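First comes the structure, then the notes that go with it.
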Amino acid sequence: MSLESVPPKYAQLVQTLQRRIESGEYPPGSLLPSENQLIQEFGVSRPTVVAALRMMREQGWIDSQQGKGRFVRGRPAMDSVESNRPGQAYLTTPEADTPGEVLEAGAVAVPNRIGALLDVPQKAKAFLRRRLIARDGGPTELVSLWLPLELSEGTDLTSGEPLTQGLREHLKARKGVRFDHVVEQITARMPSADEARKLAMPKNTPLLAVFGAVRDAAGRPLVVVEILLPADRHELEDAYALTS
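Following the UniProt record's numbering, the numbering of the sequence shown begins with 1 at its first residue and continues without gaps.
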């Protein structure tokens, strides 16, 4: 069930393009309008269009062909649809593909909830990389990556520049670790004063806090991705097949 009735602009664009594909306005095999055409028609920014098209490609609605454009595939089979889970993009997509800035990168005392998810003792330190994501001219998400200190050593996570690899690929290349599964938790709470300021949130607006605990095949904690979403700008949606 939707948690908020007004999704961000890139999600609205995805929904509109999906409806046009399902109605036959954009039939399978047809060429999707270009980025410039979508920008002009919908009055949105290029990052918004790029984010929407990337999501549609990842979900199997369209294909990209170098030098030719993007072609419609049609509605993907339900069992092949990747759910639009908030933490997934921040584990697989390069930071350089998402507009934002690095606010913090270093060892900090771990909060109780993060410590429990990382299996780190209370009052111990963990590595934190925190970014403020901006879309459509304003801040939209506060994303924190938490790792055991030893897993951050020898990586580019301390850099103030955006990563050119996804976190999953980067840690596999640098540390030899393999992500196996994610346990996701979603809570709602009021923001701290600092969080509300960074996210330019109106007074008395709650946050959606998403925690994705990444584990290897043996169940060992590797990473926790924490995403703070202003509830007035986001909805959370999932899709799944019904078994007989």
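Each residue gets a CB set at the ideal place from its N, CA and C atoms; glycine is no exception. Quick caveat: nothing in here was measured; it's all calculated off a predicted structure.
CB-CB length for residue i against residue j, believed under 8 Å
i      : j      : result
Thr164 : Pro94  : 5 Å
Asp63  : Arg73  : 6 Å
Pro191 : Leu199 : 7 Å
Ile227 : Gly87  : 6 Å
Residue of the options minimising C-alpha distance to residue i
i           : options                       : result
Pro99       : Val143, Leu38, Ala209         : Val143
Asp216      : Leu171, Lys198, Arg57, Lys9   : Leu171
Glu169      : Ser159, Gly160, Thr155, Lys68 : Thr155
Leu38       : Pro28, Val50, Pro27           : Val50
Leu12       : Asn36, Phe211, Phe42          : According to the sequence shown, residue 12 is Gln rather than Leu. Considering only alpha carbons, the answer is Phe42.
Gly137      : Ile21, Gly67, Leu157, Arg46   : Arg46
residue 247 : Thr158, Arg233, Met56         : Because the chain is modelled from 1 through 244, residue 247 falls outside the range shown and cannot be assessed.
Thr92       : Val182, Leu117, Gln122, Gln66 : Val182
Met55       : Asp97, Pro27, Tyr26           : Asp97
Glu161      : Val102, Thr16, Gln40          : Val102
Endpoints, the alpha helix (DSSP H) within which residue i is located
i      : result
Val49  : 46-59
Arg20  : 9-23
Leu91  : 88-92
Arg197 : 193-198
Where the beta strand (DSSP E) through residue i begins and ends
i           : result
residue 247 : For the chain, the structure presents residues 1 to 244; residue 247 sits outside this window and is missing.
Lys125      : 125-135
Gly212      : 207-215
Ser30       : First-last for Ser30: undefined, no H or E at that position.
Gln65       : 62-65
Gly69       : 69-72
Glu95       : Where Glu95 is concerned, there is no enclosing beta strand (DSSP E), given that its DSSP letter is neither H nor E.
Distance cut-off 7 Å: residue i Cβ against heavy atoms of the ligand ADP
i      : result
Leu117 : No copy of the ligand ADP occurs in the structure displayed, which carries no ligand at all.
is_contact[residue i, chain B] using C-beta, thresh 8 Å
i     : result
Tyr26 : Going by chain labels, chain B is absent from the structure shown, which holds only one protein chain.
The segment 120-130 contacting the segment 144-155, beta-carbon criterion three pairs below 8 Å: yes
Could you tell me whether the segment 172-185 touches the segment 215-230, using the rule of 3 or more Cβ pairs below 8 Å? yes
Within the segment 99-123, note down every full beta strand (DSSP E) run reaching 3 residues or more, in order along the chain. 100-109
Would you list, in sequence order, the uninterrupted beta strand (DSSP E) runs of no fewer than 3 residues that lie entirely inside the segment 146-191? 181-189
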